[in-house]
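All remarks here apply to the structure that follows.
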């Protein structure tokens, strides 16, 4: 039970159970969430006017103490102190930690709840542990609404540190089927790594959805409102998810200024904050294929070349317009099946990347638990995450979702639709990088033989890089003196 504390501005020495630094929207919403679950809080922001604005505004009348310095924050918190940072990733995190440490004591816990790069979290974890402090790098997903009403929370660090904050995290996280969407992920940077991959999967999801929308709009000539109703219907079936739900809402929105569908007046230049790119870069470092995520990152990059694309569209011709009239209903059915199959392939890549990282960084990740806490609160929450959780419960050592019997069957029975959709997009000159990447991944993963044998022959020819033989044990390497054979 939370201790009583004087609400609003003022001191409540040693009584507050949870400290938060950073009162931007995410920080404000998160601390309001914590307080609403029965925990007393203390807040500090480097721009102290924000503290006063918050405690006299949204935080007024609540068990939240405003502080104007790290020392005041530390004095307000019970020991061991638990202080969560909700500040911009990168140098600001290091700067805030440097300001906090003189006011804190060994054994206190610092929690980084921002979108920090996992290697920064690894470094901070080691540095702070040497100084006697506990540290948790915590992925928080769900946006502003999730922070307030219940996000998915992915904490990584010392297990002792997690036990200190577990009662709070499990209460404030989203709840699905009576289970909290929060669990201990693993040591050091494991929490931020899982959040990074979550965001990479999110990139893939959004790009797949956007390509499906583009096909409905450009190949079938469907207006935004009609497409929105399709997504609304899809959200009641196997594709049910937060992103499908809000896609329908975005497409249904009318721009009050022009009277047009809002999506039609939004500039087609997508932004990104880096987590998708980090996922692709790290996947390349680990040698784990993530082609759908990579395609999504590249699509955002090329979208930023708006002026060049407009100029190129005036001088470069694509294929002629489709001569045969598209059967809209038939296309929509194929698009639904194709999207589900492509989504499975994309998540298979993300989960396989988590497995590779778990081995490389000794995180000992529970992939089923990762899928379980993504079922609510986070941006990629979806009905079929229950199936992923079940797949890893059946086989915790499952190497890839595509070999799980249920997912294998789901893609096999929908692959025809995915192939036809990709072909239709290619014939119409409509870019479908993520859809085609998912299909190529499926085809490559199920191929007993791929043309890498020729690549190895070429590498040996020009660089004497050697090769293995199909008729010899793995690990034996051979070289041909190619020039002598001419």
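Residue numbers (this note's numbering): 65 to 550.
For each residue, glycine too, the CB sits at the ideal point set by N, CA and C.
As the structure is a computational prediction, the values presented were derived from the model and not from experiment.
From residue i to residue j, what distance separates their C-alpha atoms?
i: residue 273; j: residue 294; result: 12 Å
i: residue 487; j: residue 340; result: 27 Å
i: residue 462; j: residue 281; result: 38 Å
i: residue 140; j: residue 126; result: 15 Å
i: residue 522; j: residue 165; result: 56 Å
i: residue 391; j: residue 296; result: 20 Å
i: residue 87; j: residue 352; result: 38 Å
i: residue 441; j: residue 532; result: 48 Å
i: residue 91; j: residue 459; result: 38 Å
i: residue 84; j: residue 249; result: 22 Å
i: residue 405; j: residue 359; result: 16 Å
i: residue 543; j: residue 508; result: 27 Å
i: residue 424; j: residue 194; result: 23 Å
i: residue 513; j: residue 534; result: 11 Å
i: residue 260; j: residue 548; result: 51 Å
i: residue 319; j: residue 311; result: 16 Å
i: residue 181; j: residue 154; result: 8 Å
i: residue 471; j: residue 510; result: 13 Å
i: residue 365; j: residue 336; result: 9 Å
i: residue 222; j: residue 179; result: 19 Å
i: residue 350; j: residue 344; result: 10 Å
i: residue 348; j: residue 539; result: 23 Å
i: residue 68; j: residue 93; result: For residue 68, the predicted structure reports a pLDDT of 39, less than 50, and the residue's modelled location is therefore unreliable. A value from the coordinates is still provided. Cα to Cα, residue 68 sits roughly 21 Å from residue 93.
i: residue 323; j: residue 287; result: 14 Å
i: residue 309; j: residue 277; result: 14 Å
i: residue 379; j: residue 497; result: 22 Å
i: residue 184; j: residue 321; result: 44 Å
Can residue i and residue j be called in contact, C-beta distance under 8 Å?
i: residue 298; j: residue 400; result: yes
i: residue 267; j: residue 361; result: yes
i: residue 168; j: residue 197; result: yes
i: residue 501; j: residue 465; result: no
i: residue 492; j: residue 383; result: yes
i: residue 173; j: residue 204; result: no
i: residue 444; j: residue 269; result: yes
i: residue 89; j: residue 105; result: no
i: residue 421; j: residue 247; result: no
i: residue 271; j: residue 363; result: yes
i: residue 483; j: residue 503; result: yes
i: residue 117; j: residue 149; result: no
i: residue 490; j: residue 409; result: no
i: residue 162; j: residue 199; result: no
i: residue 20; j: residue 355; result: Nothing can be reported for residue 20, as the shown portion of the chain is limited to 65 through 550.
i: residue 171; j: residue 134; result: no
Could you give the C-beta distance for residue i and residue j, rounded to a whole number, given that I count them as a contact under 8 Å?
i: residue 301; j: residue 251; result: Not quite, the Cβ-Cβ distance comes to about 39 Å (not below 8 Å), so this is no contact.
i: residue 468; j: residue 455; result: 4 Å
i: residue 357; j: residue 207; result: Not really, about 20 Å apart at Cβ, beyond 8 Å.
i: residue 202; j: residue 255; result: 5 Å
i: residue 429; j: residue 439; result: With 8 Å as the limit, residue 429 and residue 439 do not qualify as a contact, their Cβ atoms being about 17 Å apart.
Whose C-beta lies closer than 7 Å to the C-beta of residue i among residues of the same chain, with five residues either side of it excluded?
i: residue 101; result: 235, 236
i: residue 241; result: none
i: residue 525; result: 546
i: residue 495; result: none
i: residue 431; result: 415, 418, 419, 456
i: residue 368; result: 333
i: residue 316; result: 289, 292
i: residue 142; result: 78, 79, 80, 81
Going by beta carbon distance, what residues of the same chain come within less than 8 Å of residue i, once the five residues before and after it are set aside?
i: residue 314; result: 292, 326, 327
i: residue 74; result: Low confidence applies to residue 74: its pLDDT is 39, below 50, so where it sits in the model is not reliable, and the reading given next is rough at best. Within the same chain, residue 74 has close Cβ partners 129, 130.
i: residue 243; result: 436
i: residue 232; result: 81, 82, 98, 101, 103, 146
i: residue 370; result: 331, 332, 333
i: residue 72; result: For residue 72, the predicted model reports a pLDDT of 40, less than 50, meaning its position is unreliable and no value from the coordinates is stated.
i: residue 528; result: 543
What does a CB cutoff of less than 6 Å around residue i pick up in its chain, not counting 5 residues either side in sequence?
i: residue 447; result: 304
i: residue 108; result: 85, 131, 137
i: residue 499; result: 275, 406, 486
i: residue 395; result: 284
i: residue 210; result: 441
i: residue 536; result: none
i: residue 230; result: none
Between residue i and the ligand ADP, is the CB less than 7 Å from at least one heavy atom?
i: residue 198; result: The ligand ADP is not part of the structure shown, which contains no ligands of any sort.
task = Examine the Cβ distances between the region 208-216 and the region 179-193 and report whether three or more of them are shorter than 8 Å.
result = no
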